[in-house]
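Heads up: the structure comes next, in structure tokens.
Numbering (UniProt numbering), first residue to last: 1 to 262.
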């Protein structure tokens, strides 16, 4: 499956702000929209899609099932609700938003497979899964095509990328600019000046040249456009390595219910 390498993230976008931002992204040229049940903005995303006039077959829509709704029946009911809220006949990529060790993963994935058979979803993926979680899925003979994770220069996820590359799992980077903190790094700013680009464009280019999908979020029209215009320049191999070697920090996204360390 071909997932557009640049998507528009909608986390924390609400109400008319979400409608306007997603609509602007679609008009700029984005064709991949990322949302989630827990974002509470399916209806706004649907409104933006309808207003854009972009055909369904030209769009790639990703949404996510929360960890509290991963039981077999809950997954089926949730997907039906998402289709109504998003006003679309199918979802391109449905993700398990967070792992939940209290609900058997095989039951969750059986429900996802049922949805595939019913053609309500195209593909199955996960989010915030570690190598341990992915190995568990593999041991149960299920296949996922995507893992959406926090990934930015100060949390580069090189180890899990190597694992996912070896197992034909595409990575998607959320919080690609580290919630803005990484934009201030000297290395990023120096490369931005060298290439005549913004720090955000440098980071997105680095992510995409690693073969990773990026889903930047913004409600600023200028930033939405800048983030989209990253296809007409390249970093050298040396520059990619330089960014790979930026000192690493702790995760930014690590809620109490996460299972990164179990």
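The C-beta atom is built at its ideal place from N, Cα and C for all residues, glycine as well. Everything numeric in this text was worked out from a predicted model, so none of it was measured.
Beta carbon of residue 105 nearer than 8 Å to that of residue 144: The answer is no: Cβ separation not under 8 Å.
Sequence-distant residues of the same chain with beta carbon closer than 8 Å to residue 247, five excluded per side: Within the same chain, residue 247 has close Cβ partners 154.
At least three beta-carbon pairs within less than 8 Å, the segment 59-70 to the segment 34-51: Result yes; three or more Cβ-Cβ pairs closer than 8 Å.
Nearest-angstrom Cα separation, counted from residue 127 out to residue 78: Their backbone Cα atoms lie some 17 Å apart in a straight line.
Segments assigned alpha helix (DSSP H), at least 4 residues, entirely inside the segment 58-104: Uninterrupted alpha helix (DSSP H) stretches at least 4 residues long and entirely within the segment 58-104 occur at 72-86, given in chain order.
Nearest-angstrom Cα separation, counted from residue 158 out to residue 137: Residue 137 and residue 158 have their C-alpha atoms roughly 21 Å apart.
Buried or exposed (CB count within 10 angstroms, at least 16 for buried), residue 130: Per the 10 Å Cβ criterion, buried.
Pairwise C-alpha distance: residue 224 and residue 88: CA-to-CA, the gap between residue 88 and residue 224 works out to about 24 Å.
Nearest to residue 253 (by Cα), restricted to the options 53, 160, 47 and 149: Nearest Cα to residue 253 within the set 53, 160, 47 and 149: 149.
Check whether residue 204 and residue 221 have beta carbons under 8 Å apart: Taking 8 Å as the Cβ cut-off, residue 204 and residue 221 do not qualify as a contacting pair.
Outcome for residue 231 when other beta-carbon atoms lying within 10 angstroms are tallied against a minimum of 16: Exposed: under 16 other Cβ atoms inside 10 Å.
Boundaries of the alpha helix (DSSP H) in which residue 23 is found, first to last residue: From DSSP, the alpha helix (DSSP H) with residue 23 extends over 15-28.
Continuous beta strand (DSSP E) stretch holding residue 172: start and end: Run containing residue 172: 170-174, per the beta strand (DSSP E) assignment.
In chain order, each beta strand (DSSP E) run of at least 3 residues that lies wholly inside the segment 100-151: Complete beta strand (DSSP E) runs here, min 3: 121-127 and 146-150.
Nonlocal neighbours in the same chain, by C-beta distance under 7 Å from residue 17, ignoring five residues either side: Sequence-distant partners of residue 17 (beyond 5 residues in either direction) whose C-beta falls short of 7 Å from its own C-beta, in its chain, are 219.
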